[in-house]
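A short worksheet on the structure shown next.
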Amino acid sequence: MGMTSKPYEGIEDGSLDLIAGKRREGGRRGVPLFRGQLEWLARPGTVVDVTQPLPLILVNEPSVTRSIVLDTLAAAGWLWRIVCTSCSHSGSIAAARGGLGITVRAQNLAGGGLVPPVNGDVLPPLPAIEFITLLARRLSKPAETLLQLIRKSDLRAGRTD
């Protein structure tokens with residue numbers, strides 16, 4: 001459907017029954033499902049060159065994760081440059097697997113083939129995010145079923161692939 005902020009309009013105008021998305025920790029919109037700790041990820045063996053701007057791979061705006069990453073780097077005084085943008089997290093993961101730079105994902109959704117940079121401890125620590133649902137005033141039967149499946153899912157567990 002799109003990044004989290006876009007579907008909010010669908011809930012408000014009644015064209016959507018349910019969205020699952022993310023928000024900054026402590027946000028007020030939506031019902032929290034679980035937290036996910038953000039982490040820096042890259043192709044195995046990647047070493048961050050602290051003398052150069054950090055090569056970032058991020059999803060397009062608007063994105064909760066993107067804004068958190070850029071805010072974190074700005075607060076820490078890090079120089080960065082966006083080397084790749086994608087309309088999906090899958091695209092960002094593929095670019096990081098290809099060695100284009102560093103991306104950020106929640107630990108429980110990191111995807112296979114990516115690990116923290118070898119010297120990742122030099123990067124500023126990232127906060128957790130909250131995964132949420134936002135519901136229309138009245139849910140359709142399919143949306144109720146989907147909500148129950150989401151609540152019972154194992155998304156809280158870390159990936160093993």
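Here UniProt numbering is used: the first residue of the sequence shown is 1, the next is one more, and so on.
A virtual CB, placed ideally from N, CA and C, is assigned to each residue, including glycine.
Going by DSSP, V69 is part of the alpha helix (DSSP H) stretching over V64 to A76.
Per DSSP, reduced to three states, the secondary structure at S86 is strand.
Between P117 and the set T72, L56, S140 and P127, the nearest pair of CA atoms involves L56.
Between the C-alpha atoms of G120 and W40 there is a straight-line separation of about 7 Å. Collapsing the DSSP output to three states places Q107 in a helix. The straight-line gap separating the alpha-carbon atoms of S140 and S15 is approximately 12 Å. The Cβ neighbour count for G21, taken over all protein chains shown within 10 Å, is at least 16; the residue is labelled buried. In the three-state DSSP reduction, G10 falls in the helix class (H, G or I). Its chain contains V59 and N60 as the residues whose beta carbon lies nearer than 8 Å to that of C87, once the 5 sequence neighbours on both sides are disregarded; these appear in chain order. By the Cβ criterion, the stretch 124-133 is in contact with the stretch 59-79, since at least three pairs of Cβ atoms, one from each stretch, lie closer than 8 Å. Under the DSSP assignment, T145 falls in the alpha helix (DSSP H) whose first and last residues are K141 to K152.
Taking C-beta separations shorter than 7 Å and ignoring five residues to either side along the sequence, the partners of Q107 in its chain run G36, Q37, E39 and G158, following chain order. Of the other Cβ atoms in all chains shown, 16 or more fall within 10 Å of the Cβ of V48; this residue is therefore buried. Out of I93, T133 and Q52, the CA that lies nearest to the CA of G77 is found in Q52.
For E25 and V104, the gap between their C-alpha atoms comes out near 16 Å. Comparing alpha carbon positions, the residue from T145, G98, P142 and R138 closest to R43 is G98.
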